[in-house]
Amino acid sequence: MVKFRPAFFSLFLLVVVPIMLQSSGILPFDYRLEELENGLKVVSIPQPDQPEVISYYTIVRSGSRNEIEPGKSGFAHFFEHMMFKGTKNVSIEEYTNFIIQLGAGTNGYTTDDYTCYYVVFAGRENLEEVVRLQADKFINLYYDEEMLKTEASVIEGEYYASVSNPSRRIYELLRDTAFEKHSYKHTTLGYLRDIMDMPNQFKYSKLYRTRFYAPDNAILLVVGDFDHDQLMKLVQKHYGGWEKSNYELVTPEEPPQTKAKRAHYDFPTRTLPRIAIGFHGPAYSEEKIDKAALDLLAEIAFSRSSSIYQRLVIEEQKCLSLDTSFYNRRDAHLLIFDAVVKQEKDLPYVEKEIFKEIEKFKKEPVSEELLSDVKSNLKYSFINDLDTTDHIAGELAFYINLATDPGTVNKLFDLYEKVTPEDIQNMTKKYFKKTNSTVATLAGGKAK
361 MVKFRPAFFS
371 LFLLVVVPIM
381 LQSSGILPFD
391 YRLEELENGL
401 KVVSIPQPDQ
411 PEVISYYTIV
421 RSGSRNEIEP
431 GKSGFAHFFE
441 HMMFKGTKNV
451 SIEEYTNFII
461 QLGAGTNGYT
471 TDDYTCYYVV
481 FAGRENLEEV
491 VRLQADKFIN
501 LYYDEEMLKT
511 EASVIEGEYY
521 ASVSNPSRRI
531 YELLRDTAFE
541 KHSYKHTTLG
551 YLRDIMDMPN
561 QFKYSKLYRT
571 RFYAPDNAIL
581 LVVGDFDHDQ
591 LMKLVQKHYG
601 GWEKSNYELV
611 TPEEPPQTKA
621 KRAHYDFPTR
631 TLPRIAIGFH
641 GPAYSEEKID
651 KAALDLLAEI
661 AFSRSSSIYQ
671 RLVIEEQKCL
681 SLDTSFYNRR
691 DAHLLIFDAV
701 VKQEKDLPYV
711 EKEIFKEIEK
721 FKKEPVSEEL
731 LSDVKSNLKY
741 SFINDLDTTD
751 HIAGELAFYI
761 NLATDPGTVN
771 KLFDLYEKVT
781 PEDIQNMTKK
791 YFKKTNSTVA
801 TLAGGKAK
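In this text, residue positions in the sequence shown follow the working numbering: the first is 361, and each later residue adds one.
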């Protein structure tokens, strides 16, 4: 258990890190980035034109990526649950009553790379109490072995509820088949066998918390109507005693895939068949052109206006849906094409058409005009989503997890502008090789 030591604000306790102001790029506002001596980063985005509303996000860089030991999956998600159980200082009842009286919204979610907790509330006068209570949650989190066992049962029930969804089941199958070594092999819920063993892993849970629920693995993102200097005084006062971990995560290196893989799951009840095709792709980068080019390819080749979507979904009506998921992740992840197919007999046809469409973009560069239109659409869609403090924080939390600095968004969109039709063609050839593919299919059980 990390002990909380009260700390008083002192300029000498702040690391000398320049405050960075956004001056040009897609982000339509200034931001500031500071770091405490214990490694806690604070991203501050004052929004005086959003009177009274403040969105307070805590980003912990803890996801399924961090679960590197065999048999220990699911703990990132476990801690998302436990962070809402109260501390020895503030019970969950006290915290809940405060949130209700404040009229605030609060929740959390877990991803492959990070877990995010947020409070959206009104009133500058409530900022200190929110900072105090959020700091207490992270510094003084308390649970015992019985609480772990109880929550493990809840998580097991959540797992069963999740995999009763055929789309989630096929996604789990695809990842487990495509990855050999990297911890992206399992989803954020983890493997069922590990969840069932979680009640026996109290000691490991404490180790996980020490490693990752530490200031040098966390970022505060605050957006709204507040004063930056006041915020930093409050953060130093309430988070200054949080002890850093100094743990450096080294994820297992995924070997190159050298032959095509396949997997099938017979769903126990009747459902529409599904197919998911994954290719190992690049990690997020604000400098290398690879992922940016592939993002644009996804919009051009498989969006609702694309030729294959129009053919398979609208004209031939073979598919109920056709989508792409080209994830931005801290390490190399999967580039996924997936479809819900109306009849099982059409699964091979849909698979063939997806591969055929990919081959087309290896041979034919996209048009300059279409590429320009897609770039503009991505840009203005992003800007239009930044209309409230919560939308700003929600959008930026994802990118801040990847690069710790919201300025990465400016660099990413600058990179999009540099992508040429030849870049897209080259990246298609580089990543979409048959030997680099994994095909997962799912079909429902027969009526009895």
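Glycine included, each C-beta is placed from N, C-alpha and C at the ideal position.
task = Pick helix, strand or coil for His624, following the three-state DSSP scheme.
result = As a first step, residue 624 must be located in the sequence shown, where it is residue number 264. Residue state, collapsed to three classes: strand.
key: Neighbourhood of Pro628 by C-beta distance below 6 Å, restricted to the same chain and skipping five residues each side   = On the sequence shown, residue 628 is found 268 positions in, with the first residue counted as 1. Within the same chain, Pro628 has close Cβ partners Gly805.
request  = Closer than 7 Å by C-beta to Thr537: which residues in its own chain qualify, once you throw out the five before and the five after it? Chain order, please.
outcome  = The sequence position of residue 537 within the sequence shown is 177, counting from 1. Counting only Cβ-Cβ distances below 7 Å, and skipping sequence neighbours, we find Lys621, Ala623, Thr798 and Ala800.
ask   = Do the segment 574-585 and the segment 406-423 make contact, defined as three or more Cβ pairs closer than 8 Å?
value = yes
request  = Taking Met558 and Leu501 to be in contact with their CB atoms under 8 Å, please state how far apart those CB atoms are, rounded to whole angstroms.
outcome  = As a first step, residue 558 is located in the sequence shown; it is residue number 198 there, counting from the start. As a first step, residue 501 is located in the sequence shown; it is residue number 141 there, counting from the start. So it is not a contact: roughly 17 Å between Cβ atoms.
query = Would you report the Cα separation of Lys651 and Tyr568, rounded to the nearest angstrom?
reply = Here residue 651 refers to the residue found at position 291 of the sequence shown. Here residue 568 refers to the residue found at position 208 of the sequence shown. Distance between the alpha carbons of Lys651 and Tyr568: 31 Å.
ask   = When DSSP builds the beta bridges, which residues end up paired with Lys342?
value = Residue 342 lies beyond the range of the chain shown here (361 to 808); nothing can be said about it.
ask   = Closest to Arg653 by CA distance: which of Val403, Ser524, Tyr776 and Glu704 is it?
value = Here residue 653 refers to the residue found at position 293 when the sequence shown is read from its first residue. Position check: residue 653 holds Ala in this sequence, whereas Arg was assumed. Out of Val403, Ser524, Tyr776 and Glu704, Tyr776 has the C-alpha closest to the C-alpha of Ala653.
task = Would you mind giving the Cβ-Cβ distance between Tyr503 and Lys445, rounded to the nearest angstrom? I have them listed as a contact below 8 Å.
result = As a working mapping, residue 503 is identified with position 143 in the sequence shown. As a working mapping, residue 445 is identified with position 85 in the sequence shown. Confirmed, Cβ separation roughly 6 Å.
query = Taking C-alpha atoms, which residue in Cys476, Leu462, Asn467 and Gln561 lies nearest to Glu485?
reply = For the purposes of this step, residue 485 is taken as residue 125 along the sequence shown, with counting starting at 1. If we check each option's Cα against that of Glu485, Leu462 comes out closest.
ask   = Is the segment 515-533 touching the segment 400-409, taking contact as three or more C-beta pairs under 8 Å?
value = no
query = How is Thr510 classed by DSSP in three states: helix, strand or coil?
reply = The residue labelled residue 510 in the question sits at position 150 within the sequence shown. Helix.
His598 beta carbon less than 8 Å from that of Val479 = For the purposes of this step, residue 479 is taken as the residue at position 119 of the sequence shown. For the purposes of this step, residue 598 is taken as the residue at position 238 of the sequence shown. Not a contact, by the Cβ cut-off of 8 Å.
inquiry  = Within the continuous beta strand (DSSP E) that includes Thr470, where are the two ends?
reply    = The count along the sequence shown starts at 1 and reaches residue 470 at position 110. Run containing Thr470: Gly465 to Thr470, per the beta strand (DSSP E) assignment.
ask   = Would you call Thr456 buried or exposed, if buried means 16 or more other Cβ atoms sit within 10 Å of its Cβ?
value = Here residue 456 refers to the residue found at position 96 when the sequence shown is read from its first residue. Result: exposed.
inquiry  = Is the beta carbon of Arg634 closer than 8 Å to that of Val701?
reply    = Working through the sequence shown from its first residue, we reach residue 701 at position 341. Working through the sequence shown from its first residue, we reach residue 634 at position 274. It is a contact, given that the beta carbons lie within the stated cut-off.
inquiry  = Based on DSSP bridge pairs, tell me the residues matched to Phe715.
reply    = Taking the first residue of the sequence shown as position 1, residue 715 is located at position 355. Its beta-bridge partners do not exist; DSSP assigns none.
ask   = Can you list, in chain order, the stretches of the beta strand (DSSP E) that have 3 or more residues and sit fully within the segment 629-660?
value = 634-640
task = Following the continuous beta strand (DSSP E) through Val701, name the residue where it begins and the one where it ends.
result = Taking the sequence shown and counting its residues from 1, one reaches residue 701 at position 341. Segment Leu694 to Val701, the beta strand (DSSP E) holding Val701.
query = Out of curiosity, what's the CA-to-CA distance linking Gln410 and Gly517?
reply = In the sequence shown, counting from the first residue as 1, residue 410 sits at position 50. In the sequence shown, counting from the first residue as 1, residue 517 sits at position 157. For Gln410 and Gly517, the distance between alpha carbons rounds to 40 Å.
ask   = Considering only the beta carbon of each residue, do Pro725 and Glu782 sit closer than 8 Å?
value = Along the sequence shown, one-based indexing puts residue 725 at 365. Along the sequence shown, one-based indexing puts residue 782 at 422. In this structure, Glu782 lies closer than 8 Å to Pro725 by Cβ.
query = In angstroms, rounded to a whole number, what distance separates the CA positions of Glu675 and Leu802?
reply = Within the sequence shown, numbered from 1, the residue matching residue 675 stands at position 315. Within the sequence shown, numbered from 1, the residue matching residue 802 stands at position 442. Taking the straight line from one Cα to the other gives about 24 Å.
ask   = Comparing alpha-carbon positions, which option in Met592, Leu656 and Ile718 lies nearest Leu730?
value = As a first step, residue 730 must be located in the sequence shown, where it is residue number 370. When only C-alpha atoms are compared, the closest one is Leu656.
query = What span of residues does the alpha helix (DSSP H) with Ser565 cover, start to end?
reply = Along the sequence shown, one-based indexing puts residue 565 at 205. Segment Phe562 to Phe572, the alpha helix (DSSP H) holding Ser565.
request  = Give the C-beta separation of Tyr416 and Val582 to the nearest angstrom, bearing in mind that I take them to be a contact with Cβ-Cβ under 8 Å.
outcome  = Here residue 416 is taken as the residue at index 56 of the sequence shown, counted from 1. Here residue 582 is taken as the residue at index 222 of the sequence shown, counted from 1. That belief holds up - the Cβ atoms of Tyr416 and Val582 are roughly 5 Å apart, short of 8 Å.
inquiry  = Are there any heavy atoms of the ligand PLP lying less than 7 Å away from the beta-carbon of Gly641, as far as the coordinates show?
reply    = Ligands in the displayed structure: none, and consequently the ligand PLP is not present.
ask   = Can you check whether the CB of Leu387 is closer than 8 Å to the CB of Val769?
value = As a working note, residue 769 is residue 409 in the sequence shown. As a working note, residue 387 is residue 27 in the sequence shown. Taking 8 Å as the Cβ cut-off, Val769 and Leu387 qualify as a contacting pair.
Other residues of its chain near Phe792: CB distance less than 6 Å, five sequence neighbours each side excluded = As a first step, residue 792 is located in the sequence shown; it is residue number 432 there, counting from the start. Excluding positions up to five away in sequence, the list reads Phe639 and Ile718.
task = Evaluate Ile460 with the Cβ neighbour count: other Cβ atoms within 10 Å of its Cβ, from every protein chain shown; 16 or more gives buried, anything less gives exposed.
result = On the sequence shown, position 100 is the one that residue 460 refers to. So Ile460 counts as exposed.
task = Within the same chain, show all residues whose beta-carbon is closer than 6 Å to that of Ala495, passing over the 5 residues directly before and after it, in chain order.
result = Position 135 of the sequence shown, counted from the first residue, corresponds to residue 495. Closer than 6 Å at Cβ, skipping near neighbours: His598 and Tyr599.
query = Which stretch, first to last residue, makes up the alpha helix (DSSP H) that contains Thr788?
reply = In the sequence shown, residue 788 corresponds to position 428, counting from 1. Start and end: Pro781 to Tyr791.
inquiry  = Quick check: what's the CA-CA separation for Ala692 versus Arg535?
reply    = On the sequence shown, position 332 is the one that residue 692 refers to. On the sequence shown, position 175 is the one that residue 535 refers to. Computed Cα separation, rounded: 12 Å.
task = Measure the beta-carbon distance from Leu762 to Tyr644 and round it to whole angstroms, keeping in mind my assumption that it falls under 8 Å.
result = To locate residue 762, count along the sequence shown from 1; it is residue 402. To locate residue 644, count along the sequence shown from 1; it is residue 284. Contact holds; Cβ gap of about 5 Å.
inquiry  = Comparing C-alpha positions only, which one of Glu394, Tyr544 and Ala521 sits nearest to Thr830?
reply    = Limits of the chain in this structure are 361 at one end and 808 at the other, which puts residue 830 out of reach.
key: Cβ-Cβ distance between Gln407 and Gly584 below 8 Å   = Here residue 407 refers to the residue found at position 47 of the sequence shown. Here residue 584 refers to the residue found at position 224 of the sequence shown. Yes, they are a contact pair.
When Val710, His441, His546 and Thr780 are compared against Leu694, the one with the closest alpha-carbon = Position 334 of the sequence shown, counted from the first residue, corresponds to residue 694. With distances taken between Cα atoms, Leu694 lies closest to His546.
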